[in-house]
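Novice: Pasting in a structure now, in structure tokens, and then I'll have a few things to ask.
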């Protein structure tokens with residue numbers, strides 16, 4: 001079996017992006033055409049919408065630079081997906097090509113790093129909302 005990343009696993013799941021599916025050589029790699037990536041598109045769209053909504057209205061405990069950075073990371077991950085990964089996936093749908101496969105794997109680290117950074121930033125925002133802030137007694 002040849003291994004290449006299927007669209008539904010490379011979509012937008014950050015750390016899950018490293019998952020791969022086995023495509024038997026007899027299929028000619030056409031298995032990649034069968035998925036619309038719906039399992040990962042919906043959460044990704046939700047991340048984009050909530051990132052944009054937070055820029056417009058965010059809790060006072062969360063600095064505006066954090067929500068703007070979150071939106072920027074989300075947009076960058078989407079751009080990397082649509083302008084780098086999707087064209088490679090489309091080419092791989094016509095048949096397995098080791099050079100294209102290597103390019104997909106090599107460029108996927110950018111998307112993984114972007115989603116990981118955005119996830120970390122999201123955790124920091126939640127932390128700021130849940131951890132009490134020490135205030136000086138005379139304030």
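Numbering (our numbering), first residue to last: 1 to 139.
Backbone N, C-alpha and C define an ideal beta-carbon position, used for all residues, glycine too.
Keep in mind it's a predicted model, so treat the numbers as computed, not measured.
1. What separation, rounded to the nearest whole angstrom, lies between the Cα atoms of residue 130 and residue 59?
2. Assign residue 122 to buried or exposed, taking buried as 16 or more other Cβ atoms, counted over all protein chains shown, within 10 Å of its Cβ.
3. If we ignore side chains and look at the alpha-carbon of each, how far apart do residue 51 and residue 66 end up?
4. Along the chain, which unbroken stretches of the beta strand (DSSP E) at least 3 residues long are found entirely within the segment 82 to 116?
5. Residues in its own chain within less than 8 Å of residue 88 by CB, not counting five upstream and five downstream?
6. Can you tell me which of 83, 69, 84 puts its alpha carbon nearest to the alpha carbon of residue 124?
7. Quick one: using the 10 Å Cβ neighbour count with 16 as the cut-off for buried, is residue 46 buried or exposed?
8. Skipping 5 residues on each side, what residues in its chain have a beta carbon closer than 6 Å to that of residue 128?
Specialist: Taking the structure as given:
1. Position 130 of the chain shown, counted from the first residue, corresponds to residue 130. Position 59 of the chain shown, counted from the first residue, corresponds to residue 59. Looking at the two C-alpha atoms, the distance is approximately 12 Å.
2. Counting from one through the chain shown, the residue named residue 122 turns up at place 122. It counts as buried.
3. Here residue 51 is taken as the residue at index 51 of the chain shown, counted from 1. Here residue 66 is taken as the residue at index 66 of the chain shown, counted from 1. Taking the straight line joining both Cα atoms gives about 10 Å.
4. none
5. Indexing the chain shown from 1 puts residue 88 at position 88. If we look at residue 88 and ignore the five residues flanking it on each side, its Cβ neighbours are 100, 103, 104, 107.
6. Numbered from its first residue, the chain shown carries residue 124 at position 124. Nearest of 83, 69, 84 to residue 124, Cα basis: 69.
7. Locating residue 46 in the chain shown gives position 46, counting from the first residue. Exposed is the call here.
8. If you number the chain shown from 1, residue 128 lands on position 128. Answer for residue 128: 61, 62, listed in chain order.
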